[in-house]
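Counting the sequence shown from 1 gives a position; this note's numbering is that position plus 134.
Glycine is no exception: its CB is placed at the ideal position from the N, C-alpha and C atoms.
Please read the structure below before turning to the comments.
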Amino acid sequence: MSSAVIAIVVVVVAVLVVAGLLVAAWPMLRRKRLREKFGPEYDRTREELDSRKATDRELTERERRHAELDIRELSEQEKQRYRTEWARMQERFVDAPADAVTAADVLVADIMAERGYPTEGYDQQLADLSVEHAATVGHYRAAHEIAIRRSDTRISTEDMRFAVVQYRELFEDLLGGAPDEKKDAKR
Numbered sequence: 135m136s137s138a139v140i141a142i143v144v145v146v147v148a149v150l151v152v153a154g155l156l157v158a159a160w161p162m163l164r165r166k167r168l169r170e171k172f173g174p175e176y177d178r179t180r181e182e183l184d185s186r187k188a189t190d191r192e193l194t195e196r197e198r199r200h201a202e203l204d205i206r207e208l209s210e211q212e213k214q215r216y217r218t219e220w221a222r223m224q225e226r227f228v229d230a231p232a233d234a235v236t237a238a239d240v241l242v243a244d245i246m247a248e249r250g251y252p253t254e255g256y257d258q259q260l261a262d263l264s265v266e267h268a269a270t271v272g273h274y275r276a277a278h279e280i281a282i283r284r285s286d287t288r289i290s291t292e293d294m295r296f297a298v299v300q301y302r303e304l305f306e307d308l309l310g311g312a313p314d315e316k317k318d319a320k321r
């Protein structure tokens, strides 16, 4: 064989080896990206689905669905209106903690709807929120669990306070962070 043919064979083999490595590494790279993006939500989904492949497929599908949504930021006026409503809800907590938990749940759902998130079902809300709000979707899950059991006599006022605190985490995340956090970020 001539040296030109040998060189072509070596190049072809090298390209095939590199392509094979890329194909083999792609799932690992995608999984790493999904783990970084979704954080604890990746692990929770993994436990629920019992398969890495199914988890990766589910989270990739969430990203695809989220990309099709028309999500928008709230104006400063809208954010202020919601903060005022949140303050009213907290004031009601003293006299009617269960009503305040319900109000917090409704307020979070209202913000989601105004921003463009579908609110047709709790599981879908969690999936849609997990794409951009993975750090706080667990707080929403914990708060909602208490909210749906609020009429249970075993739910204490402390549990309801915890729910409101958990809702506040998502509330602030949906609004784009607390006003003080934005000031600190500009410094």
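Item	Value
How far does the alpha helix (DSSP H) with GLY272 in it extend, from its first residue to its last?	268-282
Are the Cβ atoms of ALA277 and GLN300 separated by less than 8 Å?	yes
Output yes or no for whether 8 Å exceeds the beta carbon distance between ALA281 and THR236.	yes
Tell me whether the beta-carbon of MET223 lies closer than 8 Å to the beta-carbon of ALA247.	no
On a CA-only basis, which of PRO174, TYR251, VAL146, LEU208 is nearest THR270? Give me that one, please.	PRO174
For LEU241 and TYR251, which I take to be in contact (beta-carbon distance under 8 Å), what is that distance rounded to the nearest angstrom?	Incorrect: roughly 14 Å between the Cβ atoms, too far for contact.
What does a CB cutoff of less than 8 Å around ASP233 pick up in its chain, not counting 5 residues either side in sequence?	ARG226
Can the beta-carbon of HIS200 be found closer than 8 Å to that of GLU306?	no
Relative to the alpha-carbon of THR291, which residue among ASP229, ARG275, GLU303, LEU308 has its alpha-carbon at the smallest distance?	ASP229
Return yes when the Cβ of LYS171 is within less than 8 Å of the Cβ of ALA268, no when it is not.	yes
Beta-carbon separation of ASP184 and ARG164 under 8 Å?	no
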